[in-house]
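Engineer: In this text, residue positions in the sequence shown follow this note's numbering: the first is -1, and each later residue adds one.
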Amino acid sequence: MPTIEMARVDNRLIHGQISVRWCSKLEINTIIVVNDAVAQNKVQQGLLDMAVPDEYHTRYYTLQQAIDRLPNLSSDKKRLLIFENIQDLRSLVAAGVKIPYINIGNLDMSPGKRHIAASTSLSQEEMDWLNSQAQAGTKVEVRRIPSEEATYVF
């Protein structure tokens, strides 16, 4: 069984807070971005890789690749999954991939969403799904950086 330490939802994907603070805190050695568009765009991958120190590995999977590959990865690495939106994470979980810890980072305001914490807006449907994950035993929090106090609204 692969070691997935955390799944983070952040519309910025990889940036300094991820590669410096979260990877260090969780002792991550592999960052996997699950995003159909980025997985097929080498230029965008290169730009995201610029925010990652050399000691970390990055992988870019489409949602289907993540569904197919994650259950078969070795357990010798500690992985951080990053999603641009909750829907992709929800699809991965619905396909049977176990996520022990969900961290919600930056999600911009858009129609149908409400502001729940600094830099984070969610729809009622997203909040209901996250609540169902919390009720099922998954740690679910809103927190931008590890040193910040987590918000639990689920």
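Quick reminder that beta carbons are idealized off the backbone N, C-alpha and C, glycines included.
Hey, how far is the Cα of Ser119 from the Cα of Pro109?
Structural biologist: About 10 Å.
Engineer: On the three-state DSSP scale, how would you describe Arg6?
Structural biologist: Of the three classes helix, strand and coil, the one that applies to Arg6 here is strand, per DSSP.
Engineer: Tell me where the beta strand (DSSP E) around Ile114 begins and ends.
Structural biologist: It spans 111 to 115 - the beta strand (DSSP E) in which Ile114 sits, taken as one unbroken run.
Engineer: May I ask which residues mark the beginning and end of the alpha helix (DSSP H) holding Asn70?
Structural biologist: Unbroken run through Asn70: none, as it is neither H nor E.
Engineer: Once the 5 residues before and after Ile97 are set aside, which same chain residues still bring their CB inside 7 Å of it?
Structural biologist: For Ile97, where only same-chain residues beyond five positions count, the Cβ hits under 7 Å are Ile2, Ala5, Val91, Thr136.
Engineer: Nearest CA to the CA of Pro51: which residue from Ala148, His13, Val140, Leu79?
Structural biologist: Cα-wise, what sits closest to Pro51 is His13.
Engineer: Ala134: buried (16+ other C-beta within 10 angstroms of its C-beta) or exposed?
Structural biologist: Burial call: exposed.
Engineer: For Asp74 and Leu68, what's the separation of their Cα atoms in angstroms?
Structural biologist: Between Asp74 and Leu68, the C-alpha separation is close to 13 Å.
Engineer: If Asp86 sits next to Val36, beta carbons under 8 Å apart, how far is it from one beta carbon to the other, in whole angstroms?
Structural biologist: The pair is not a contact, with the Cβ atoms about 11 Å apart (cut-off 8 Å).
Engineer: Rounded to whole angstroms, what's the CA-CA distance from Arg57 to Arg112? Just pull it up for me.
Structural biologist: The straight-line gap from Cα to Cα measures roughly 32 Å.
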